[in-house]
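Order-wise, the sequence lines are chains Y and L.
Here our numbering runs 32 ahead of the position in the first sequence, where the first position is 1.
Here our numbering runs 3 ahead of the position in the second sequence, where the first position is 1.
Don't be surprised by glycine CBs; every beta carbon is placed ideally from N, CA and C.
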Amino acid sequence: MPTLTYRDALNQALREELQRDDNVFLMGEEVAEYNGAYKVSRGLLEEFGPRRIVDTPIAELGFAGIGVGSAMVGLRPVIEMMTWNFALLAIDQIVNAAAKIRYMSGGQFGCPIVFRGPGGAALQLGSQHSQAFESWYAHVPGLKVIAPATPADAKGLLKSAIRDDNPVIFMEGEMLYNTKGEVPEGEHVVPIGKADIKREGSDLTLICHSKTVSVALKAADQLGKEDIAAEVLDLRTIRPLDTDAILGSVAKTHRCVIVEEGWPYAGVGAQVAYTIQHEAFDELDAPIERVTGADVPMPYNRALEKAAKADPAKVVQAAKRALYLES
Amino acid sequence: MAGTATKEQRPVKPDAATLDEWRQWLRMMVLIRRFEEKAGEAYSLGRIGGFCHLYIGQEAVAVGTISALRPEDYVISAYREHGQALARGMSSRSVMAELYGKATGCSGGKGGSMHLFDAGLHFMGGHGIVGGQIPLGAGFAFAAKYRGTDQVSLTFFGEAAANIGAFHETLNIAGLWKLPAVFVIENNGYGMGTSVQRSSAITDLFERAASYDMPGVVVDGQDVVAVRKAMDDAVRRARSDSSPTLLEVRTYRYVGHSMSDAAHGTYRTKDEVDEYQARDPILVLANRMREAGALDDAAMEAIEKDVMAEVEDALRFADESPEPEPESLWTDVYAPRPASRAESRDN
Numbered sequence: 033m034p035t036l037t038y039r040d041a042l043n044q045a046l047r048e049e050l051q052r053d054d055n056v057f058l059m060g061e062e063v064a065e066y067n068g069a070y071k072v073s074r075g076l077l078e079e080f081g082p083r084r085i086v087d088t089p090i091a092e093l094g095f096a097g098i099g100v101g102s103a104m105v106g107l108r109p110v111i112e113m114m115t116w117n118f119a120l121l122a123i124d125q126i127v128n129a130a131a132k133i134r135y136m137s138g139g140q141f142g143c144p145i146v147f148r149g150p151g152g153a154a155l156q157l158g159s160q161h162s163q164a165f166e167s168w169y170a171h172v173p174g175l176k177v178i179a180p181a182t183p184a185d186a187k188g189l190l191k192s193a194i195r196d197d198n199p200v201i202f203m204e205g206e207m208l209y210n211t212k213g214e215v216p217e218g219e220h221v222v223p224i225g226k227a228d229i230k231r232e233g234s235d236l237t238l239i240c241h242s243k244t245v246s247v248a249l250k251a252a253d254q255l256g257k258e259d260i261a262a263e264v265l266d267l268r269t270i271r272p273l274d275t276d277a278i279l280g281s282v283a284k285t286h287r288c289v290i291v292e293e294g295w296p297y298a299g300v301g302a303q304v305a306y307t308i309q310h311e312a313f314d315e316l317d318a319p320i321e322r323v324t325g326a327d328v329p330m331p332y333n334r335a336l337e338k339a340a341k342a343d344p345a346k347v348v349q350a351a352k353r354a355l356y357l358e359s
Numbered sequence: 004m005a006g007t008a009t010k011e012q013r014p015v016k017p018d019a020a021t022l023d024e025w026r027q028w029l030r031m032m033v034l035i036r037r038f039e040e041k042a043g044e045a046y047s048l049g050r051i052g053g054f055c056h057l058y059i060g061q062e063a064v065a066v067g068t069i070s071a072l073r074p075e076d077y078v079i080s081a082y083r084e085h086g087q088a089l090a091r092g093m094s095s096r097s098v099m100a101e102l103y104g105k106a107t108g109c110s111g112g113k114g115g116s117m118h119l120f121d122a123g124l125h126f127m128g129g130h131g132i133v134g135g136q137i138p139l140g141a142g143f144a145f146a147a148k149y150r151g152t153d154q155v156s157l158t159f160f161g162e163a164a165a166n167i168g169a170f171h172e173t174l175n176i177a178g179l180w181k182l183p184a185v186f187v188i189e190n191n192g193y194g195m196g197t198s199v200q201r202s203s204a205i206t207d208l209f210e211r212a213a214s215y216d217m218p219g220v221v222v223d224g225q226d227v228v229a230v231r232k233a234m235d236d237a238v239r240r241a242r243s244d245s246s247p248t249l250l251e252v253r254t255y256r257y258v259g260h261s262m263s264d265a266a267h268g269t270y271r272t273k274d275e276v277d278e279y280q281a282r283d284p285i286l287v288l289a290n291r292m293r294e295a296g297a298l299d300d301a302a303m304e305a306i307e308k309d310v311m312a313e314v315e316d317a318l319r320f321a322d323e324s325p326e327p328e329p330e331s332l333w334t335d336v337y338a339p340r341p342a343s344r345a346e347s348r349d350n
């Protein structure tokens with residue numbers, strides 16, 4: 033199986049879907065001639081031409097809405113947000129139009145559209161360029177939210193997202209683009225709404241997604257050295273949530289830590305923790321722990337930024353609290 | 004030379020086809036007027052809930068523009084869209100039933116006054132966020148161009164929406180990409196209670212087209228014939244040349260912004276409302292037809308009677324229609340079979 037970067041896996045998914053269906057097109061800032069701000073769309077203009085690979089002005093609200101309109105009449109746009117930070121300018125079109133068209137019209141119109149781009153913190157980009165928005169969009173009925181952690185999942189889930197008949201929020205990890213992994217060639221489709229156990233274990237479950245999967249895996253390695261077997265459950269899809277997989281793992285381990293890049297208040301972990309305590313109250317042997325980004329805007333200073341991020345040490349600590357090994 | 008001059012002049016006496024068209028426009032404008040009056044009454048009686056923005060006074064805008072379109076073209080509007088829905092051919096029954104929130108409404112009772120949709124007629128909705136529908140309208144035009152059809156997209160919005168970012172972002176893109184779109188500023192003078200003079204640095208809003216490399220046209224919105232003429236030109240540019248137009252139609256609403264807003268007394272005077280009513284769009288067309296000998300009192304009375312019967316029928320239908328099934332609360336949130344398209348392709 034070929035080894036690809038996360039970036040190239042996304043590129044492969046786009047290329048294959050563009051080849052498969054003429055209704056699929058890619059639109060966004062710098063996606064064509066510049067080959068993408070993060071080079072995800074490298075070579076696509078050359079292969080598919082300017083009709084299918086469309087450079088836009090810096091006008092997130094405008095081109096997001098044009099995408100939504102085109103999806104209402106049957107095209108299948110992939111709208112690249114250069115980063116999810118900029119998508120705040122387009123959120124009216126995502127929340128008030130894309131997510132609600134089907135419902136408001138009594139089912140007459142659908143909106144098969146993918147909004148994709150990098151999210152989460154990179155390195156020292158400061159407050160406005162370092163944030164995770166999964167919970168914002170997961171809050172909205174009508175949207176699906178995906179945040180893959182590996183190159184194989186990135187490819188398989190982007191293909192599913194493009195084929196889905198609903199608006200899909202596809203959040204790529206800004207720090208993951210250069211990470212490598214084996215990626216199946218050709219028709220590799222990962223279903224939306226299915227979590228994946230990235231490492232098996234019996235002592236506790238680390239629930240994570242996107243960049244925090246690697247954080248949890250490192251923490252699991254460290255815990256392993258202390259004979260603690262942590263299971264790493266990658267949500268992959270934030271909405272719809274794979275409740276069965278979560279409950280199955282917790283029923284096995286009886287303890288869990290939820291790890292995410294975003295802020296704690298009303299975060300993804302809050303919903304996951306609610307689901308676990310409501311559906312598996314009797315399975316729990318300890319309170320659910322959370323490791324999140326610090327509840328502050330992201331600082332620029334390197335040391336402060338490190339302190340604000342979820343990291344393996346914090347996850348190990350939280351795991352030990354869940355195991356009553358530390359207070 | 005002489006031939007050209009004759010061609011450009013309006014015939015002194017309209018031909019039979021023109022008169023026939025005018026008769027249809029007149030009936031539609033009267034229908035919208037009476038429909039809205041009855042909707043206002045039903046609102047006061049508590050049969051219609053939420054917000055309700057009436058179109059009374061603006062009828063010539065919807066009729067003059069939409070009548071220029073083909074069935075395959077697209078129409079999208081804001082939340083004062085009952086009149087446009089009717090002008091597009093949606094039945095009085097389905098629109099009134101939607102205002103009543105009934106299962107038989109055009110959006111199954113889930114949309115309401117601000118969200119009227121009809122996929123079959125390419126009526127792409129009323130939208131409730133000021134200016135939010137403008138990029139969607141450009142999206143339909145984008146799709147037409149992408150597919151190589153000659154469809155045209157008509158987007159309505161109020162003059163207050165010409166100050167919002169979505170307007171400027173969309174018109175820039177539409178001009179840049181030469182989208183087959185007509186953007187109609189329905190300028191009724193007020194965004195809620197704020198006049199154009201108090202909201203816009205320039206009050207000739209059609210001039211904003213200059214920034215976006217498209218023709219900007221202004222037309223008297225009380226004269227349906229003039230509106231239609233301007234719209235014909237805009238549609239021709241869109242369909243034949245894939246070129247967008249910004250069309251400012253100057254009109255007036257006789258009623259308040261919504262049902263909770265008095266017609267006059269706060270931000271405008273009764274004299275001002277009276278002044279516009281003297282140039283009522285129905286009156287203007289009726290006079291034109293009378294001058295052409297194509298309308299008399301009896302004919303006008305017949306139209307009124309016919310229209311009232313239709314509106315009364317719509318009210319009865321809405322009243323007697325069933326409420327949506329309780330389970331419908333949970334439907335239409337997501338596509339019925341996620342990824343069904345992919346499956347069908349793969350099989």
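Under 8 Å between beta-carbons, which chain Y residues line up against residue i? List them in chain order, please.
i: Leu179 (chain L); result: Pro89
i: Ser175 (chain L); result: Reading off the sequence shown, one finds Asn at residue 175 (chain L), where the question assumed Ser. The contacting residues are Pro89, Ala91, Gly94.
i: Pro138 (chain L); result: Leu93, Gly94, Phe95, Ala96, Gly97, Ile98, Val100, Gly101, Gln125
i: Val110 (chain L); result: A quick correction: the sequence has Ser, not Val, at residue 110 (chain L). Met136, Ser137, Gly138, Gln140, listed in chain order.
Over what stretch of residues does the alpha helix (DSSP H) that includes residue i continue unbroken?
i: Phe170 (chain L); result: 168-180
i: Ile69 (chain L); result: 62-69
i: Met32 (chain L); result: 19-47
i: Ile145 (chain Y); result: Unbroken run through Ile145 (chain Y): none, as it is neither H nor E.
i: Gly188 (chain Y); result: 183-195
i: Asp253 (chain Y); result: 244-257
i: Phe320 (chain L); result: 300-323
With residue i as the anchor, note down where its beta strand (DSSP E) starts and where it stops.
i: Gly92 (chain L); result: Careful: Gly92 (chain L) lies outside any beta strand (DSSP E) and carries neither H nor E.
i: Ala339 (chain Y); result: Careful: Ala339 (chain Y) lies outside any beta strand (DSSP E), inside the alpha helix (DSSP H) at 334-340.
i: Ile201 (chain Y); result: 200-205
i: Thr237 (chain Y); result: 236-240
i: Tyr77 (chain L); result: 77-80
i: Val127 (chain Y); result: Careful: Val127 (chain Y) lies outside any beta strand (DSSP E) and carries neither H nor E.
i: Glu112 (chain Y); result: 108-112
i: Asn210 (chain Y); result: That residue, Asn210 (chain Y), is in no beta strand (DSSP E); it is neither H nor E in DSSP.
Measure the alpha-carbon distance for residue i versus residue j and round it to whole angstroms.
i: Tyr337 (chain L); j: Gly114 (chain L); result: 16 Å
i: Ala169 (chain L); j: Gly134 (chain L); result: 6 Å
i: Gln163 (chain Y); j: Leu238 (chain Y); result: 21 Å
i: Val63 (chain Y); j: Asp53 (chain Y); result: 19 Å
i: Val72 (chain Y); j: Ile201 (chain Y); result: 16 Å
i: Arg344 (chain L); j: Pro17 (chain L); result: At Arg344 (chain L) the pLDDT is 45, less than 50, meaning the model places this residue with poor confidence and gives no usable figure here.
i: Val247 (chain Y); j: Pro339 (chain L); result: 37 Å
i: Lys181 (chain L); j: Arg134 (chain Y); result: 29 Å
i: Leu72 (chain L); j: His125 (chain L); result: 11 Å
i: Ile98 (chain Y); j: Ser242 (chain Y); result: 29 Å
i: Ala5 (chain L); j: Ala289 (chain L); result: Reliability fails at Ala5 (chain L), whose pLDDT of 39 lies under 50, so the model's placement of it is uncertain and the value that follows must be treated cautiously. Distance between the alpha carbons of Ala5 (chain L) and Ala289 (chain L) is about 32 Å.
i: Val289 (chain Y); j: Tyr215 (chain L); result: 53 Å
i: Glu293 (chain Y); j: Tyr38 (chain Y); result: 18 Å
i: Leu336 (chain Y); j: Val328 (chain Y); result: 11 Å
i: Leu298 (chain L); j: Ile167 (chain L); result: 43 Å
i: Leu75 (chain L); j: Val155 (chain L); result: Here residue 75 (chain L) is Glu; the residue named in the question, Leu, does not match the sequence. Cα-Cα distance, rounded: 8 Å.
i: Arg83 (chain L); j: Gln349 (chain Y); result: 58 Å
Starting from the beta carbon of residue i, find every residue of chain Y whose beta carbon is closer than 9 Å, and list them in chain order.
i: Tyr82 (chain L); result: Here the premise fails: no neighbours, minimum Cβ distance about 12 Å.
i: Tyr215 (chain L); result: What Tyr215 (chain L) touches in chain Y: nothing, since even the nearest Cβ is about 11 Å away.
In chain Y, which residues lie less than 7 Å from residue i when you measure between Cβ atoms?
i: Asp335 (chain L); result: Arg134, Tyr135, Gly138, Gly139
i: Ile132 (chain L); result: Asp124, Asn128
List the whole-angstrom C-beta distance separating residue i from residue j, where the pair is believed to meet the contact cut-off of C-beta under 8 Å.
i: Ala363 (chain Y); j: Ala41 (chain Y); result: Residue 363 (chain Y) lies beyond the stretch modelled for chain Y, which goes from 33 to 359, so this question has no answer here.
i: Val347 (chain Y); j: Val291 (chain Y); result: 6 Å
i: Thr115 (chain Y); j: Gly149 (chain Y); result: 6 Å
i: Val245 (chain Y); j: Asp266 (chain Y); result: 5 Å
Taking C-beta pairs closer than 7 Å, name the residues in chain L that residue i reaches, listed in chain order.
i: Leu107 (chain Y); result: Ala146, Tyr149
Residue i touches chain L at which residues, Cβ-Cβ below 8 Å?
i: Arg83 (chain Y); result: Tyr149
Counting only Cβ pairs nearer than 9 Å, list the residues of chain L close to residue i.
i: Asn117 (chain Y); result: What Asn117 (chain Y) touches in chain L: nothing, since even the nearest Cβ is about 17 Å away.
#### Entry: Any alpha helix (DSSP H) of 4 or more consecutive residues that is wholly inside the stretch 94-158 of chain L
95-102, 136-150
### Task
Tell me the start and end of each unbroken alpha helix (DSSP H) in the stretch 207-272 of chain L that is at least 4 residues and wholly inside, in chain order.
227-244
### Query
Mind pulling the beta strand (DSSP E) runs of 3 or more residues that sit fully within the stretch 33-97 of chain Y?
35-37, 56-60, 85-87
### Message
So if I threshold CB-CB distances at 7 Å, which residues from the stretch 154-181 of chain Y count as touching chain C?
### Response
No chain C appears in this structure, whose protein chains are Y and L.
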